[in-house]
Amino acid sequence: MSTRNTINRFATIGGICTAVALAATGCGAGGPSTTGSAGTSTVNVLVEAGGHAELTGVAEQCKKDAGVDVNFVELPYDGMFNRLSSEFSSGNVSFDVAALDSVWLPSFKDAVQPIDELFTDEAKKDIFPALVKEANVDGHFIGMPAWTNAEIILYRKDLFEDAKNKADFQARYGYDLAAPTTWKQYQDISEFFTRDGMYGTDVKGGVETEWLAHVLQAGSPMVLDGDKVVIDNAAHKEALDFYVSLAKSAPSGAAQVDWAAAQNLFNQGKTAMTRFWAHAYRQIPKDSAVAGKVGAAPMIAGSAGVGGVPGPWYLTVPKATKNADAAKKFVKCAYDYNDKGIESSLGLASRISAFEKYQDKEGYESFGPLIETLNGEATATRPATEKWQQIVDTVLVPMLQKAVAGGDSATLLTDAKKQIEDLLK
Amino acid sequence: MRVAERIKNDGGKAAPAAAGPSARSTTSGSGRKRRGVNREGLEAGRRSTRTLLWILLAAAMVLYGFPFLYLLFTSFKTPIDTIAVPPTILPREWTLENYTNALGRSGVVASFINSIQTAIISTVLSLVLAVPAAYGITRYKTLSGRIFIMAALVTRMVPPVAIGIPLASMMAAMGLSDTPIALSIAHTTISLPLSIWLMSSFFEAVPKDLEEAATVDGCSRLGALWRVVIPVVSGGIAVTAIFAFLASWNEFLFALLMTAIRSQTTPVVIANFQTQFGLDWGSMTALAAVYSIPVIILTLLLQRKIVAGMTLGAVKG
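Sequences listed follow chains G and A, in order.
Just so you know, we're using numbering that gives the first Met the number 0 here: the first sequence kicks off at 0 and counts up by one.
Just so you know, we're using numbering that gives the first Met the number 0 here: the second sequence kicks off at 0 and counts up by one.
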């Protein structure tokens with residue numbers, strides 16, 4: 000009988016729990032949603048988790064000025080593409096504004112509506128040229144850049160200013176130790192600091208952006224020139240050979256080094272220099288061995304000038320939203336109050352004027368080099384093909400990993416060309 | 000059977016009887032000595048087997064337990080400690096900062112409530128559907144029942160990502176987007192086949208005689224199920240409930256595709272600590288550690304039932 004009692008007790012508890020859970024099911028614990036409600040002044044904004052903080056200040060200001068309330072739908076970067084694909088393909092979206100990574104713009108160009116009216120002449124002058132170009136797909140502006148980033152040079156100021164290091168470097172290389180302005184200097188400095196368990200720089204086999212920046216600096220478009228695959232041209236080979244040559248001044252296992260690993264190595268004081276996204280300058284932990292000892296310099300120029308690959312995010316308005324007016328008001332707010340993002344934990348913006356406003360303030364020393372890099376004559380965004388992410392994941396990164404592990408660059412580039420051509424067929 | 004084998008099989012207790020007449024004739028000193036030697040050998044063998052088992056057990060515990068312990072220790076590390084190269088196991092300085100950050104983040108408490116709500120609904124749905132289905136399949140051994148249970152297994156072979164997007168579209172079409180009930184239904188599609196299979200094996204272990212006896216005492220078939228069979232398989236139900244609960248509690252993909260503001264569950268919130276521009280290890284591990292507490296408590300509370308359920312059917316026949 001006791002077993003039956005136990006069962007009855009379980010059944011009762013289960014029943015109560017279910018009743019409570021079902022009763023609460025109507026609204027969930029996260030609060031009410033306005034999905035699909037036409038003409039309201041509340042917009043749902045889908046953002047990558049790191050982007051939420053960037054737009055919080057904008058949202059507050061937008062509520063005050065335009066009366067638009069904002070709910071953020073925060074998703075991890077890795078899952079966001081799937082979610083967007085799912086909702087765009089169903090034609091039923093749970094958000095009114097979506098922040099898209101620049102590489103996704105070509106994939107979703109047919110699912111978002113033009114916002115040409117927001118790209119006034121004044122706006123176009125205040126947004127970095129490469130971003131204005133990228134936001135325009137098939138003759139229409141479809142995304143307003145909310146924040147952008149680019150790789151700059153971060154270096155250990157304390158090591159560079161050390162008297163002994165300066166003297167030793169001068170004696171060995173015949174010129175002053177300072178933040179590098181040529182790739183030859185970068186190579187020398189990397190070699191110089193590779194000693195006593197420390198490394199001059201890192202080589203990231205797990206990401207493609209840095210190698211592609213070298214390609215731009217050598218004067219070639221990245222991977223594709225229009226529809227033509229140019230990955231086997233001289234600029235790509237030169238860039239790859241140079242990229243691999245730095246491996247002797249970098250920690251071993253370059254094939255596995257990605258952004259996180261490189262950032263950790265630098266923050267731990269294991270590398271003297273790194274080429275890294277500018278936001279990392281402001282994200283050095285206070286208890287890090289290098290806190291307060293880091294300098295920033297623009298990306299180094301190649302024969303074609305300074306070149307970097309920007310990493311912008313664009314605010315877009317889905318065609319399927321029933322709340323387009325309020326959504327566009329929010330996108331306009333994001334442009335008008337773009338500098339609000341700089342005070343967030345990520346600390347980025349997309350307008351030149353927003354970066355300039357802060358560049359001379361203490362703690363924002365990375366902004367000057369970032370502006371210079373983003374305005375660089377060779378700076379360009381990634382090719383506008385919806386297959387780009389696939390090309391990166393299946394061709395470029397595996398190829399780089401083989402290259403840094405000692406593969407023949409010419410053969411690897413030829414193979415890569417064929418693979419990319421197959422993907423684009 | 001050879002004597003040594005018999006001794007080995009019955010632990011040496013039946014050795015004299017099993018040894019037969021020829022052995023009985025050697026109950027002298029040398030025979031006792033030989034048996035003594037055998038016993039010592041057996042004891043030594045048993046000790047070494049036990050030692051080996053303990054080593055294997057310890058290795059398995061380290062293998063399964065270390066990642067969780069590392070997660071736990073990381074949650075108490077300072078930001079720079081969490082990214083140390085090479086990594087350290089124990090924090091150099093203990094801090095609760097990660098817990099404050101993680102639990103103070105907006106949406107975390109709501110996501111916990113959503114996870115609990117979703118897991119409970121999904122578990123109850125699974126049991127309500129799986130118990131009668133499994134009972135029917137095991138008691139009425141029909142062709143359609145066999146096809147059904149095989150079909151249930153086939154659904155487990157389809158990768159969730161293949162049905163995730165269509166399922167999300169269906170939920171949206173039914174107006175259930177971003178609700179715990181939609182996610183619970185989706186989670187039930189994962190746990191139901193497993194629940195049916197588990198419950199079927201538990202029902203198989205219950206002798207039919209028990210039900211027949213209950214029927215003789217005046218019970219209807221449903222009455223026999225409720226009053227006799229269900230109490231007998233209660234351990235199995237507990238095991239099934241745990242599996243169904245865990246399947247929902249830890250599920251990520253469907254939660255990612257189907258939830259937004261109202262019903263986002265904690266696994267999605269945990270993943271949000273990884274952004275394009277960095278990974279907040281400390282806060283992520285702190286929230287993951289907190290999220291594992293309810294499951295640990297639930298497992299401990301139902302431990303006896305689980306063990307009973309696991310052994311149900313072990314003595315069948």
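Cβ coordinates follow ideal geometry from the N, Cα and C atoms, glycine included.
Same chain, Cβ closer than 6 Å to residue i, neighbours up to 5 away in sequence not counted
i: A/Gly19; result: Low local confidence applies: a pLDDT of 42 at A/Gly19 is under 50, so the model's placement there is unreliable, with the coordinate-based value given in what follows. Within the same chain, A/Gly19 has no close Cβ partners at all.
i: G/Gly268; result: Ala288, Val289
i: A/Phe202; result: Ala133, Tyr134, Thr137
i: G/Gly301; result: Gln216, Ala217
i: G/Ile370; result: Phe354
i: A/Thr154; result: Pro192
i: A/Pro85; result: none
i: A/Ser194; result: Ser125, Ala129, Thr239, Ala243
Nonlocal neighbours in the same chain, by C-beta distance under 8 Å from residue i, ignoring five residues either side
i: A/Ile337; result: Limits of chain A in this structure are 0 at one end and 316 at the other, which puts residue 337 of chain A out of reach.
i: G/Trp387; result: Val102, Pro105, Arg381
i: G/Asp392; result: none
i: G/Leu176; result: Phe159, Asn164, Lys165, Phe168, Gln169, Ile188, Phe191
Residue i, DSSP secondary structure in three states
i: G/Ile283; result: coil
i: A/Arg138; result: helix
i: A/Pro266; result: helix
i: G/Trp276; result: strand
i: G/Lys292; result: coil
i: G/Asp335; result: helix
i: G/Arg381; result: coil
i: G/Phe94; result: coil
i: G/Val256; result: coil
i: A/Ile164; result: helix
i: G/Lys424; result: coil
i: A/Ile236; result: helix
i: G/Asn135; result: strand
i: G/Phe140; result: strand
i: A/Pro20; result: Residue placement at A/Pro20 cannot be trusted, given a pLDDT of 41 that sits under 50; what the coordinates show is reported in the next sentence. Here A/Pro20 sits in helix by DSSP.
i: A/Leu55; result: helix
i: A/Gly91; result: In the sequence as displayed, the identity of residue 91 of chain A is Arg instead of Gly. Residue state, collapsed to three classes: coil.
i: A/Ile146; result: helix
Residues bridged to residue i [DSSP beta-bridge criterion]
i: A/Gln273; result: A/Leu278
i: G/Trp312; result: G/Asp100, G/Trp146
i: G/Pro317; result: G/Val111
i: G/Gly301; result: G/Gly304
i: G/Glu73; result: G/Val46
i: G/Met197; result: G/Arg194
i: G/Asp224; result: G/Lys227
i: G/Lys392; result: Note that residue 392 of chain G is Asp in the sequence shown, not Lys. Bridge partners of G/Asp392: none, in fact.
i: G/Thr41; result: G/Asp68
i: G/Ile152; result: G/Arg274, G/Ala296
Neighbourhood of residue i by C-beta, 7 Å cutoff - its chain only, sequence neighbours within 5 removed
i: A/Ile82; result: Trp280
i: G/Ala238; result: Trp210, His213, Val214, Ala217
i: A/Ser121; result: Ser183, His186, Thr187, Ser190, Ala243, Ser247
i: A/Ser114; result: Trp248, Thr264, Thr265
i: G/Gln255; result: Gly204, Gly205
Exercise. Taking any Cβ of chain A, which residues in the stretch 251-268 of chain G have a Cβ under 9 Å from it, in chain order?
Worked result: Trp258, Ala259, Ala260, Gln262, Asn263, Leu264, Asn266, Gln267
Exercise. If contact means a Cβ-Cβ distance below 7 Å, which residues of the stretch 275-295 of chain A contact chain G?
Worked result: Gln275, Phe276, Gly277, Leu278
For this session: Could you run through the stretch 277-299 of chain G and flag, in chain order, every residue whose CB is less than 7 Å away from some CB of chain A?
Result: His278, Gln282, Pro284, Asp286, Ser287
For this session: Taking 8 Å as the threshold, find out whether the stretch 166-181 of chain G comes into contact with the stretch 317-333 of chain G through three or more Cβ pairs.
Result: no
Exercise. What residues from the stretch 170-182 of chain A come within 8 Å of chain G, judged by C-beta to C-beta, listed N to C?
Worked result: Ala171, Ala172, Ser176, Asp177, Thr178, Pro179, Ile180
For this session: Using a Cβ-Cβ cut-off of less than 9 Å, give me the residues of the stretch 43-70 of chain G that come near chain A, in sequence order.
Result: Asn43, Leu45, Glu47, Ala48, Gly49, Gly50, His51, Asn70
Exercise. In chain order, what residues of the stretch 158-170 of chain A put their CB closer than 7 Å to some CB of chain G?
Worked result: Ile164, Ala167, Ser168
Exercise. Is there contact here, the stretch 274-285 of chain G with the stretch 108-117 of chain G, by at least three beta-carbon pairs under 8 Å?
Worked result: no
Problem set entry | Near-chain G residues of the stretch 73-103 of chain A (beta-carbon distance less than 7 Å), N- to C-terminal order | Thr77, Pro78, Ile79, Ile82, Ala83, Val84
Problem set entry | Sufficient close CB pairs (3 or more, under 8 Å) joining the stretch 218-232 of chain A to the stretch 154-172 of chain A | no
For this session: Report yes or no: do three or more beta-carbon pairs, one from the stretch 303-314 of chain G and one from the stretch 68-86 of chain G, lie closer than 8 Å?
Result: no
Exercise. When Cβ atoms are compared, which residues of the stretch 346-372 of chain G fall closer than 7 Å to chain A?
Worked result: none
Exercise. If we count Cβ pairs, one from each stretch, closer than 8 Å, do we get three or more for the stretch 194-209 of chain G versus the stretch 258-266 of chain G?
Worked result: yes
For this session: Evaluate the contact criterion for the stretch 130-140 of chain G versus the stretch 331-347 of chain G: three or more CB pairs, one atom per stretch, below 8 Å.
Result: no
For this session: Check whether the stretch 164-173 of chain A touches the stretch 92-106 of chain A, counting contact only when three or more Cβ pairs, one atom from each stretch, lie closer than 8 Å.
Result: no
Exercise. Using Cβ-Cβ distances below 8 Å, what residues of the stretch 91-110 of chain G are close to chain A?
Worked result: Asn91, Ser93, Phe94, Asp100
Exercise. Of all the residues that make up the stretch 49-63 of chain A, which are near chain G by a beta-carbon distance shorter than 8 Å?
Worked result: none
Problem set entry | Cβ pair count under 8 Å reaching 3, the stretch 282-298 of chain A against the stretch 54-73 of chain A | yes
Exercise. If we count Cβ pairs, one from each stretch, closer than 8 Å, do we get three or more for the stretch 267-277 of chain A versus the stretch 47-66 of chain G?
Worked result: yes
Exercise. Does the stretch 355-367 of chain G come within contact of the stretch 81-90 of chain G, defined as at least 3 CB pairs closer than 8 Å?
Worked result: no
For this session: Would you list, in chain order, the members of the stretch 231-265 of chain A that have their beta-carbon closer than 7 Å to a beta-carbon of chain G?
Result: Ser233, Leu255, Leu256, Ala259, Ile260, Arg261, Ser262, Gln263
Exercise. If you measure beta-carbon to beta-carbon, which residues of the stretch 186-210 of chain G are closer than 9 Å to chain A?
Worked result: none
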